[in-house]
Amino acid sequence: MTRIDRYLGAATGALVLAGLAAAVSAPPDRLQGELQRLMYVHVPAAWLAYLSFGLTLVGSVAWLRSRQERWDRLAASSAEVGVFFTGLAIALGAIWGKPVWGVWWTWDPRLVTTAVLLFVYLGYLALRRATVDATRRARNSALFGVVGFVQVPVVHFSVLWWRSLHQPPTVLRPGDPTIDHVMLAALVVNVVAFSAVFTVFLRMRMRLARDEAELAAATEAPGRPVAGSAVTAPAAQVAAVTRQMDQREG
Amino acid sequence: MRARAFVVPGVGLAAVLAGTLMFGNLNDNLVYYLTPDEAVSGRAAASNGERFRLGGLVEAGSVVPTADGVRFTVVGESDGGTVQVEHSGAPNQLFQEGIGVVVEGRWRADVFVSDTMIVKHDEEYRAPATEAGGTTS
Chain A
1 MTRIDRYLGA
11 ATGALVLAGL
21 AAAVSAPPDR
31 LQGELQRLMY
41 VHVPAAWLAY
51 LSFGLTLVGS
61 VAWLRSRQER
71 WDRLAASSAE
81 VGVFFTGLAI
91 ALGAIWGKPV
101 WGVWWTWDPR
111 LVTTAVLLFV
121 YLGYLALRRA
131 TVDATRRARN
141 SALFGVVGFV
151 QVPVVHFSVL
161 WWRSLHQPPT
171 VLRPGDPTID
181 HVMLAALVVN
191 VVAFSAVFTV
201 FLRMRMRLAR
211 DEAELAAATE
221 APGRPVAGSA
231 VTAPAAQVAA
241 VTRQMDQREG
Chain B
1 MRARAFVVPG
11 VGLAAVLAGT
21 LMFGNLNDNL
31 VYYLTPDEAV
41 SGRAAASNGE
51 RFRLGGLVEA
61 GSVVPTADGV
71 RFTVVGESDG
81 GTVQVEHSGA
91 PNQLFQEGIG
101 VVVEGRWRAD
111 VFVSDTMIVK
121 HDEEYRAPAT
131 EAGGTTS
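Heads up: the sequence lines are chains A and B, in that order.
Counted from 1, the first sequence has number 174 at position 174 by full-length UniProt numbering; the numbering is strictly sequential.
Counted from 1, the second sequence has number 12 at position 12 by full-length UniProt numbering; the numbering is strictly sequential.
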């Protein structure tokens with residue numbers, strides 16, 4: 001825990017509490033009543049899905065340009081957190097859809113494209129798991145991270161491109177958002193609070209990824225010092241030297 | 001070189017997919033519901049009792065409770081066509097005059113007989129007080 005982590009943790013806790021208070025104290029909707037409060041968690045979750053896959057795109061492009069491992073770790077960690085928030089958005093949408101629409105799920109363009117988004121990035125994570133070599137893994141997944149991002153605008157514009165049950169955008173549209181401004185303020189607070197939670201998750205996951213990479217490097221390193229055993233040490237040294245010679249020749 | 005082997009087919013695939021979605025004649029399969037006008041014009045052509053979804057607004061003053069459900073008129077949001085709907089089953093929690101609905105069923109003569117109703121709400125969120133004289137649930 002560094003000092004930044006402590007401040008970030010405290011700020012996130014305060015923001016989440018503020019978001020909760022704002023969500024509860026905002027006025028109910030004229031048609032949906034109290035059910036509309038689900039917007040204050042559903043919309044931030046969906047927003048973070050966009051943001052995290054956007055960061056995966058940034059990390060992927062930056063890795064392809066610089067070949068620095070930390071960009072690969074950013075892309076991978078962000079995709080993993082993004083998959084979590086995409087699943088959360090779908091689950092919260094279903095919980096909202098059941099009382100308001102009357103169905104948990106329907107084959108509406110927005111719902112289907114969001115499910116595809118989830119599976120695209122589950123595929124991204126599967127690809128990472130399936131590749132052992134770190135450089136190949138970074139390159140393959142960077143390409144996947146660039147191409148896969150195409151699905152994000154498809155999800156966002158699905159409600160405009162196709163006739164759908166899901167309503168078109170309320171806030172991210174040209175002109176004044178078609179929402180009561182007190183509700184909009186509550187929504188913004190919750191988006192900021194969720195983004196803070198996302199930042200905490202992302203930092204934790206990136207730190208874990210760095211530790212994993214260090215562990216992998218330490219266990220795979222050839223000719224590493226053999227601790228403890230005086231009897232086997234010369235043999236190990238011989239083996240290490242032989243391996244180095246083999247590598248030089250090969 | 002390895003990257004190119006990935007990128008070229010990837011971009012090609014994406015272009016073909018995007019082209020098919022945008023310009024291919026997939027509309028019949030991608031349309032989530034028909035408007036009243038589309039449903040009426042399709043009725044003469046396909047009278048084989050095919051199930052489809054019909055979407056529009058519940059016309060004000062048209063809602064009549066029936067023995068096993070509710071009868072109302074659906075008005076197209078943009079084209080203004082109307083269709084009589086006989087829905088069997090309890091209407092949704094938010095069902096009311098003026099709200100959007102998507103009903104699923106088939107034609108019986110010139111009445112649309114539905115057994116599944118989904119309420120389609122719009123992208124407007126307003127506090128009850130700002131809507132003077134508006135219907136509140």
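Beta carbons are placed, not taken as given, at the ideal position from N, Cα and C, and that holds for glycine.
These numbers were taken from a predicted model, which means no experiment stands behind them.
DSSP state of A/Asp29 mapped onto helix, strand, coil: Residue state, collapsed to three classes: strand.
Other residues of its chain near B/Ala115: CB distance less than 8 Å, five sequence neighbours each side excluded: Looking at the sequence itself, residue 115 of chain B is Asp, so the reference to Ala does not match. Excluding sequence neighbours, B/Asp115 sits near His87, Ser88, Gly89, Glu104, Gly105.
Any C-beta of chain A under 8 Å from that of B/Gly42: Chain A contact via Cβ: absent.
Proximal residues to B/Glu50 (C-beta, below 8 Å), its chain only, five neighbours per side dropped: Take B/Glu50, set aside five residues on each side of it, and the residues of its chain with a beta-carbon closer than 8 Å to its own are Arg106, in chain order.
Within-8 Å CB hit, B/Gly80 to chain A: Not flagged as an interface residue toward chain A: B/Gly80, since no C-beta distance is shorter than 8 Å.
Under 8 Å by beta carbon: chain B residues contacting A/Asp108: By Cβ distance, chain B contributes Tyr32.
Among A/Val150, A/Leu160, A/Phe119, nearest to B/Leu17 - alpha-carbon criterion: If you compare the alpha carbons of A/Val150, A/Leu160, A/Phe119 with that of B/Leu17, the shortest gap goes to A/Val150.
For B/Pro128 and A/Val152, the rounded distance between their alpha carbons: Going by the C-alpha atoms only, they are around 34 Å apart.
8 Å Cβ cutoff met for B/Thr35 and B/Gly19: Taking 8 Å as the Cβ cut-off, B/Thr35 and B/Gly19 do not qualify as a contacting pair.
Cβ-Cβ distance between A/Val83 and A/Leu57 below 8 Å: The answer is no: Cβ separation not under 8 Å.
Near the ligand COA: A/Met204 beta-carbon under 7 Å from a heavy atom: This structure simply doesn't include the ligand COA, nor any ligand for that matter.
C-beta contact flag for A/Thr113 and A/Val154 at 8 Å: A/Val154 sits close to A/Thr113, with the two beta carbons spaced by under 8 Å.
Classification of A/Ser141 by the beta-carbon crowding that lies within 10 angstroms, buried from 16 upward: Under this definition A/Ser141 is a buried residue.
Nearest to B/Val58 (by Cα), restricted to the options B/Asn92, B/Gly12, B/Glu123, B/Ala14: Among B/Asn92, B/Gly12, B/Glu123, B/Ala14, the Cα nearest to that of B/Val58 is on B/Asn92.
Every unbroken beta strand (DSSP E) within the stretch 33–77 of chain B, with a cutoff of 3 residues, ordered by chain: Along the length of the stretch 33–77 of chain B, whole beta strand (DSSP E) runs at least 3 residues long occupy 52–58, 64–66, 69–75, reported in chain order.
Proximal residues of chain B, C-beta to C-beta of A/Asp176 below 8 Å: Chain-ordered listing is empty here: chain B has no CB closer than 8 Å to the CB of A/Asp176, the nearest sitting near 11 Å.
Within-8 Å CB hit, A/Pro28 to chain B: Closer than 8 Å: yes.
Boundaries (first-last residue) of the beta strand (DSSP E) holding A/Asp72: That residue, A/Asp72, is in no beta strand (DSSP E); its alpha helix (DSSP H) goes 69–100.
Continuous beta strand (DSSP E) stretch holding B/Ser88: start and end: Taken as a continuous stretch (DSSP letters only), the beta strand (DSSP E) holding B/Ser88 covers 82–88.
Neighbourhood of B/Lys120 by C-beta distance below 8 Å, restricted to the same chain and skipping five residues each side: Result list for B/Lys120: Gly55, Ile99, Gly100, Val101, Val102, in chain order.
Residues near A/Val191 by beta carbon distance below 8 Å, same chain, minus five either side: Setting aside the 5 residues that flank it on each side, A/Val191 is surrounded in the same chain by Val43, Pro44, Trp47, each with a C-beta closer than 8 Å to its C-beta; the list follows chain order.
Assigned exposure category for B/Ala3 - 16 Cβ within 10 Å defines buried: Burial is judged here by how many other beta carbons sit within 10 angstroms of a residue's own beta carbon; B/Ala3 has fewer than 16 and is exposed.
8 Å Cβ cutoff, A/Gln36 in contact with chain B: Against chain B, the CB of A/Gln36 has a partner CB under 8 Å away; the residue lies at that interface.
Cβ-Cβ separation, A/Thr2 to A/Val200 (assumed contact under 8 Å), whole Å: Contact annotation, A/Val200 with A/Thr2: C-beta distance approximately 13 Å; criterion of less than 8 Å not satisfied.
Of the listed residues A/Leu202, A/Pro28, A/Ala196, A/Leu51, nearest to A/Ile179 (C-alpha basis): It is A/Pro28 whose Cα lies nearest to the Cα of A/Ile179.
Alpha-carbon spacing of A/Trp96 relative to A/Ala186, whole angstroms: So the alpha carbons of these two residues sit roughly 18 Å apart.
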